[in-house]
Each structure stands twice: as C-alpha cells, then as structure tokens.
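Protein chains in written order, with my numbering: chain W, 23 to 217; chain S, 449 to 668.
Some notes on the structure that comes next.
This is the structure in structure tokens:
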C-alpha cells in the first residue's frame, strides 16, 4: 500500500503531501496509531456501504412485521441486521409510496447514514445538490432522470441535527429477498432515483 | 455562523454532478478520513467541533478545496488550537516538541473498530428535558445568527413551520462545538411549505423538513 513507504515520492504533491505530512506528525506525536488508520479505512470499505441498506430494504419489503419495526424505530431494526455505528446511532426510515416521494440532503455539510450507505458519494456533497435540492427538488430529481407526477407530494429532508435518514423505496416486482436486494440502488435509498 | 457552508437555497452552482458517484478517488483521501476518525480519541475533537473548523475556512477555499482535504485542514486547526502541535510542525510535518506521555493515548485498532461499530448515541432519556412544543404547533425559527457553529440554516431563519415530530432529547450541537457541554433539549422535525420559503418561485407540491433544536424555535 502507498502509505507503507515513508520516503516522500517526488510525484506526490499538493494535498497528498500535506496529508502525508500531517499523518507522519500525528504518529510522531503519539496521537494516532498507524495500525488504527489502516483498520478504520478497511472497516468502512469492507463493512459499510449501500449493500447493507439494500439488505434492510429487501427485508422490509418481504417481512411486514420488520417493515413496521423499521418505520417505527429505524436504528433498532437496522441494528438487528448487524448494521450500527457512527452516523447511524439515530436512523429514521422514510417510506416512499404512490403519492409521497422522500429525498434526503444535508445543506450544511454532508450528514449521511454511514452504517447502511457507507460514506456519501461526491454528488451528495456537491454545492449544487446541497444548494438546489431544497429550493427546486423536482428540477434536481429530473437531472437524475427521475420525473415525478405533478400530484406527488415531494418531501425534502435536510439532515440538520443528529437523525440520519434512509429512504425505503417503492418495491419493484419480485418476491425473492436476495433478488430484490440486488435491485436496490444507493440513489434509491437517498431518494434521487426510483427502482 | 453565516458561512459559505450554509448552502441551502443558494443560486449559481449549476447542474448537479449526478455521475460523480465515487466516495474516494485518491489514497490520500482515505488517509485524511482515517486521521480524523482516529485522532478524536487523543485530542479534543468532537464532530461538531470538526464541522465548525471546516466552516471557519475562508469561503473561497471552502468552495475549491477537496472535501477530504477540508477534513484534514479542520484536523490541523483543532490540533493547533489544542496546543498539541505548533505551526512550524504543521508546516513541515516534523515534530519539534513532545507531548506528556499518558495525556494523549492513541486509540488502538481493535478498540477503534469496536467503538466505531458501537457508535455514540447523542440522545438522552425523555425525562432529561420537557418539551416546549407539541405536535402540530406552529413555530418560528429564531433570526439569531451566531458567529459560532449552529445548525439552523439561513433559509429557514425567521420562517414559520409546523412541528411534525418530537424526536426526543439530544445534545445540542451549538454548545458541543464550543466545548460547553451537551445542553440536552428536545429536537423536532419541523415542516416548512415551499411557498413560505421560496415565494412564487417555489415548486408546487414540495415541502422541506428540518430537524431543529428547541433553542432555535419560538411559538409562531
């Protein structure tokens, strides 16, 4: 791995060099353990991500009791699937229906339900998305290819406090839980896509 | 603070980069993220303080610097302000003074992963504070615009919404960011109609919901 060699690569410059310098300083100061740095990156890459959310969604589609629990107490029902942790302590699940479409943002920074979706994609953190989705959600959703009927109740959720939001999309055709999970997309669980 | 980070409703940013689906592009972005997740054990570094340190970047830099470099810059700011590093050390990455052993114990890999999976709930028992507002109550968001960290965005300040959900009692980001403790209080989901926020330009059939701490709200 690149961080295993500690002589500075002359090709490495700018931000990479500044972050490398900060890392080396913090290790020298005894503020961080390099093994912990490796472990946390690996944890987020291996153990979190949209497939977690997809498993939650597929179970909710096929198990009415679980669906009711998920909508009532998102964090607990999600923890039952083994997904928990930072930025997932207080998760609320929003159900899309034939008449209601939910879409999630964080206009102030990039709040996002890490245990079920992983870290957010670049577009979610972009100035354009954060600025516009609260003012013109229909126009923004159309840019994602999602044109909603005029009579759909479009609800934008700005993650301004400690609740993190996960959208429960409308269920597509199908009954097999694994096949359903494979149809669930990250954008579907943020609300910028239908399935 | 009325900073550049408070972007809700701003014009001029163009199309959403809908194809930008990546989380990390460069390895150094992962390292910057990992540093921030790890140093919190050894330095005064809660999420609200980290967010505020990002918000305090000069606006022009905020708009142009890579997302994960902003995390690293905020980390540098918090370490510097805590006196754990000096400017010269940050300049060249070379240690110039030692910290007292035992005062700043780095978190080990196993402990870090365990803590990450456990999370750190920010809620308090219901009885910690009584709610000032009931479901359905019309509230007006305070016009206060403190210079410090706050989570009431500009686009709802002074606006009237309706309490839709009482989320329970939570630590308060504004005081957490100042290092002034949790100040536990009720937090509510407040519904705003698009027309109230954006006037005639509002899209029909849309509404916005924000989670707002009680300190931001007055009866309307």
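Even for Gly, the Cβ is constructed at its ideal location relative to N, Cα and C.
> To which residues does DSSP link residue 634 of chain S through a beta bridge?
Replying inline: Numbered from 1 along the second chain, position 186 holds the residue referred to as residue 634 of chain S. According to DSSP, residue 634 of chain S bridges with S/617.
>> Distance check for residue 90 of chain W and residue 668 of chain S, CA to CA, integer angstroms please.
In response: Numbered from 1 along the second chain, position 220 holds the residue referred to as residue 668 of chain S. Numbered from 1 along the first chain, position 68 holds the residue referred to as residue 90 of chain W. Cα to Cα, residue 668 of chain S sits roughly 34 Å from residue 90 of chain W.
> Taking the alpha-carbon positions, what's the residue 33 of chain W to residue 552 of chain S distance?
Replying inline: Translated into positions along the first chain, residue 33 of chain W becomes position 11. Translated into positions along the second chain, residue 552 of chain S becomes position 104. Residue placement at residue 33 of chain W is flagged as unreliable, the pLDDT there being 49, under the threshold of 50; a coordinate-derived value is accordingly withheld.
> Between residue 187 of chain W and the rest of its own chain, which residues show a CB-CB distance below 8 Å, the 5 nearest in sequence each way excluded?
Replying inline: Counted from its first residue, the first chain places residue 187 of chain W at position 165. These residues qualify, in order along the chain: 113, 114, 115, 116, 124, 126, 135, 179 and 181.
> In chain order, what residues of the same chain lie with their CB nearer than 6 Å to the CB of residue 598 of chain S, ignoring the 5 residues before and after it?
Replying inline: Locating residue 598 of chain S in the second chain gives position 150, counting from the first residue. For residue 598 of chain S, where only same-chain residues beyond five positions count, the Cβ hits under 6 Å are 622.
>> Assuming residue 498 of chain S is part of the alpha helix (DSSP H), what are its boundary residues?
In response: Here residue 498 of chain S refers to the residue found at position 50 of the second chain. Segment 495-503, the alpha helix (DSSP H) holding residue 498 of chain S.
> Can you tell me the Cα-Cα spacing of residue 550 of chain S and residue 484 of chain S, whole angstroms?
Replying inline: Translated into positions along the second chain, residue 550 of chain S becomes position 102. Translated into positions along the second chain, residue 484 of chain S becomes position 36. About 20 Å.
> In three-state terms, what does DSSP make of residue 48 of chain W?
Replying inline: In the first chain, residue 48 of chain W corresponds to position 26, counting from 1. Residue state, collapsed to three classes: helix.
>> If I measure Cβ to Cβ from residue 510 of chain S and keep anything under 6 Å in the same chain, skipping five residues before and after, which residues do I get?
In response: Locating residue 510 of chain S in the second chain gives position 62, where the first residue counts as 1. Closer than 6 Å at Cβ, skipping near neighbours: 452.
> In chain order, what residues of the same chain lie with their CB nearer than 8 Å to the CB of residue 513 of chain S, ignoring the 5 residues before and after it?
Replying inline: For this step, residue 513 of chain S is matched to residue 65 along the second chain. Same-chain partners within the cutoff: 505 and 521.
> Between residue 102 of chain W and chain S, is there a C-beta pair that is closer than 8 Å?
Replying inline: Position 80 of the first chain, counted from the first residue, corresponds to residue 102 of chain W. No, its Cβ sits nowhere closer than 8 Å to a Cβ of chain S.
> Does any CB atom of chain B fall closer than 8 Å to the CB of residue 48 of chain W?
Replying inline: Among the chains of the structure shown, chain B does not appear; the protein chains present are W and S.
> On the three-state DSSP scale, how would you describe residue 103 of chain W?
Replying inline: As a working note, residue 103 of chain W is residue 81 in the first chain. DSSP places residue 103 of chain W in coil when its eight states are reduced to three.
> So which residues of chain S does residue 151 of chain W contact, with C-beta pairs closer than 7 Å?
Replying inline: Residue mapping note: residue 151 of chain W aligns to position 129 of the first chain, counting from 1. The answer, in chain order, is 464.
> Ordered along the chain, which non-local residues of its own chain (more than five positions away) have a Cβ less than 6 Å from that of residue 202 of chain W?
Replying inline: Numbered from 1 along the first chain, position 180 holds the residue referred to as residue 202 of chain W. Hits under 6 Å: 80, 83 and 196.
> From residue 119 of chain W to residue 638 of chain S, what does the alpha carbon distance come to, in whole angstroms?
Replying inline: For the purposes of this step, residue 119 of chain W is taken as residue 97 along the first chain, with counting starting at 1. For the purposes of this step, residue 638 of chain S is taken as residue 190 along the second chain, with counting starting at 1. Approximately 21 Å between the Cα atoms of the pair.
>> Any beta carbon of chain S sitting closer than 8 Å to that of residue 141 of chain W?
In response: The residue given as residue 141 of chain W occupies position 119 in the first chain. For residue 141 of chain W, the answer is yes, since a Cβ of chain S falls inside 8 Å of its Cβ.
>> Please report the straight-line C-alpha distance between residue 159 of chain W and residue 152 of chain W, rounded to a whole angstrom.
In response: Residue 159 of chain W sits at position 137 when you count from the first residue of the first chain. Residue 152 of chain W sits at position 130 when you count from the first residue of the first chain. Residue 159 of chain W and residue 152 of chain W: Cα-Cα distance of roughly 10 Å.
> Does the separation of the CB atoms of residue 500 of chain S and residue 663 of chain S fall below 8 Å?
Replying inline: Counted from its first residue, the second chain places residue 500 of chain S at position 52. Counted from its first residue, the second chain places residue 663 of chain S at position 215. Not in contact: residue 500 of chain S and residue 663 of chain S (Cβ atoms no closer than 8 Å).
>> In this structure, how does DSSP classify residue 550 of chain S when only helix, strand and coil are distinguished?
In response: Numbered from 1 along the second chain, position 102 holds the residue referred to as residue 550 of chain S. The answer is coil: DSSP assigns residue 550 of chain S none of H, G, I, E or B.
> Just curious, the beta strand (DSSP E) that residue 188 of chain W is in, first and last residue?
Replying inline: The residue labelled residue 188 of chain W in the question sits at position 166 within the first chain. Run containing residue 188 of chain W: 186-190, per the beta strand (DSSP E) assignment.
> What are the start and end residues of the alpha helix (DSSP H) that includes residue 209 of chain W?
Replying inline: Here residue 209 of chain W is taken as the residue at index 187 of the first chain, counted from 1. That run of the alpha helix (DSSP H) goes 208-212.
>> Is the beta carbon of residue 150 of chain W closer than 8 Å to that of residue 640 of chain S?
In response: In the second chain, counting from the first residue as 1, residue 640 of chain S sits at position 192. In the first chain, counting from the first residue as 1, residue 150 of chain W sits at position 128. No, the pair does not count as a contact, with Cβ atoms beyond the cut-off.
> Quick one: what does DSSP say residue 611 of chain S is sitting in, helix, strand or coil?
Replying inline: For the purposes of this step, residue 611 of chain S is taken as the residue at position 163 of the second chain. Strand at residue 611 of chain S.
>> Restricting to Cα atoms, I'd like to know which of W/204, W/207 and W/157 is closest to residue 648 of chain S.
In response: The sequence position of residue 648 of chain S within the second chain is 200, counting from 1. The residue with the shortest Cα to Cα distance from residue 648 of chain S is W/157.
>> Once the 5 residues before and after residue 128 of chain W are set aside, which same chain residues still bring their CB inside 6 Å of it?
In response: If you number the first chain from 1, residue 128 of chain W lands on position 106. Around residue 128 of chain W: 181.
> Thinking C-alpha only, which one of W/45, W/97, W/51 and W/209 is nearest residue 544 of chain S?
Replying inline: Taking the second chain and counting its residues from 1, one reaches residue 544 of chain S at position 96. Comparing Cα-Cα distances from residue 544 of chain S to each of W/45, W/97, W/51 and W/209, the minimum goes to W/51.
> Can at least three beta-carbon pairs, one atom from the segment 566-576 of chain S and one from the segment 588-598 of chain S, be found at a separation below 8 Å?
Replying inline: no
> Taking only beta-carbon atoms, is residue 496 of chain S less than 8 Å away from chain W?
Replying inline: Counting from one through the second chain, the residue named residue 496 of chain S turns up at place 48. So no, residue 496 of chain S is outside the interface.
> Between residue 518 of chain S and the rest of its own chain, which residues show a CB-CB distance below 6 Å, the 5 nearest in sequence each way excluded?
Replying inline: As a working note, residue 518 of chain S is residue 70 in the second chain. Answer for residue 518 of chain S: 502, listed in chain order.
>> Short of 7 Å in beta carbon distance, which residues of its chain neighbour residue 537 of chain S, apart from the five on each side in sequence? Order them along the chain.
In response: Locating residue 537 of chain S in the second chain gives position 89, counting from the first residue. Hits under 7 Å: 543 and 544.
> When you compare only the Cα positions, how much space is there between residue 110 of chain W and residue 55 of chain W?
Replying inline: Numbered from 1 along the first chain, position 88 holds the residue referred to as residue 110 of chain W. Numbered from 1 along the first chain, position 33 holds the residue referred to as residue 55 of chain W. Going from the Cα of residue 110 of chain W to the Cα of residue 55 of chain W covers about 25 Å.
> What are the start and end residues of the alpha helix (DSSP H) that includes residue 124 of chain W?
Replying inline: The residue you call residue 124 of chain W lines up with position 102 of the first chain. Counting along the chain, residue 124 of chain W falls outside any alpha helix (DSSP H), though it belongs to the beta strand (DSSP E) covering 122-127.
> Can the beta-carbon of residue 184 of chain W be found less than 8 Å from the beta-carbon of residue 618 of chain S?
Replying inline: Your numbering for residue 184 of chain W matches position 162 in the first chain. Your numbering for residue 618 of chain S matches position 170 in the second chain. Yes.
> Any idea what DSSP makes of residue 69 of chain W, helix, strand or coil?
Replying inline: Counted from its first residue, the first chain places residue 69 of chain W at position 47. Residue 69 of chain W falls in the helix class under three-state DSSP.
> Can you tell me whether DSSP reads residue 588 of chain S as helix, strand or coil?
Replying inline: Your numbering for residue 588 of chain S matches position 140 in the second chain. Correct three-state label for residue 588 of chain S: strand.
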